[in-house]
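Following UniProt numbering from start to finish, the sequence shown increments by one per residue and tops out at 231.
Backbone N, C-alpha and C define an ideal beta-carbon position, used for all residues, glycine too.
These numbers were taken from a predicted model, which means no experiment stands behind them.
What follows is one structure encoded as structure tokens, with my remarks underneath.
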Amino acid sequence: MTPKELNKYCARVGVEDTFDDDQRDTKTTRSWIESTFQKRDCKCFVASAKDEHVCWCGLSKTAHGANIPVAPAGEAWLPVKHTQPSPTDAYGTVEFQGGPHPTKAQYVRLSHDTRPELIVQLLTREWALERPKLLITIQGGKANFDLQPKLKKVLRKGLLKAAKTTGAWIFTGGTNTGVTRQVGDALQLERSQRAGRVVSIGIAPWGIVEGANDLIGKGRDVPYHAMASPR
1 MTPKELNKYC
11 ARVGVEDTFD
21 DDQRDTKTTR
31 SWIESTFQKR
41 DCKCFVASAK
51 DEHVCWCGLS
61 KTAHGANIPV
71 APAGEAWLPV
81 KHTQPSPTDA
91 YGTVEFQGGP
101 HPTKAQYVRL
111 SHDTRPELIV
121 QLLTREWALE
131 RPKLLITIQG
141 GKANFDLQPK
151 LKKVLRKGLL
161 KAAKTTGAWI
171 FTGGTNTGVT
181 RQVGDALQLE
191 RSQRAGRVVS
201 IGIAPWGIVE
211 GANDLIGKGR
221 DVPYHAMASP
231 R
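Written out as structure tokens, the structure reads:
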């Protein structure tokens, strides 16, 4: 399974580290995140049906380490059985590189079974997003495809109109592939105009994110380079 780069138009929120009272607020936010959210790591390698060298979590067998047990062939991967929770160690701000203007997004690694009300608190209280009147979820395959210019224009116009007029949040798969890539392209013009900002949130499996190890750290500011723009 090929790692996927993050989509630079997802998960954009405007919270920055400053000084004095704001700095104390930042420390409080960090403490709350660390004590509230957990991640999950494999305690057993379970080969996926598509590639025996890749676990169902998305990471390679090598990435799991040499000492981790290997499940019998054909065993079904169950997060509750094959993973173990621990406090999250990856959150902060990503600064996407390679465009005419850097794009910032806050991020956090959390478990799939995190209580929804805690995620809402993170988004609205800690990251200062206004509660939406509508949630728009974009789902589809990860295979890349091209849209005709006319269809791309219709997608951009319809999506932005729906989001702006309703104060919606747009949820996507977070990676710069497939339908999510098309959504990112649709939001690109809106970002450059910087008027009536649209909130877009990407949710991507940790194991398939390109450069995920670079995101490990508490309250980090991480420059993120797309694969087409290597560091």
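Legend entry - Three CB pairs or more closer than 8 Å across the segment 78 to 87 and the segment 199 to 213: no
Legend entry - Alpha-carbon to alpha-carbon, Q148 and Q182: 11 Å
Inset, instruction - Give me the Cβ distance between I138 and T172, rounded to the nearest whole Å; I'm assuming they're in contact under 8 Å. - result: 5 Å
Inset, instruction - Leaving out five residues on either side along the sequence, give the residues of the same chain with a beta carbon under 7 Å from the beta carbon of V198. - result: L160, A163, K164, I170, L187, E190
Inset, instruction - Tell me, please, which residues DSSP counts as bridged to S200. - result: I170
Inset, instruction - For E52, count neighbouring Cβ atoms within 10 angstroms of its own Cβ and tell me buried if that reaches 16, exposed if not. - result: exposed
Legend entry - Per DSSP, the bridge partner or partners of E95: K104, P223
Legend entry - Cβ-based burial, N176 [other Cβ within 10 Å; buried from 16]: buried
Legend entry - Euclidean distance between Cα positions of T114 and D221: 24 Å
Legend entry - Where A66 sits in the DSSP three-state scheme: coil
Legend entry - Burial state of G65 (16 or more Cβ within 10 Å): exposed
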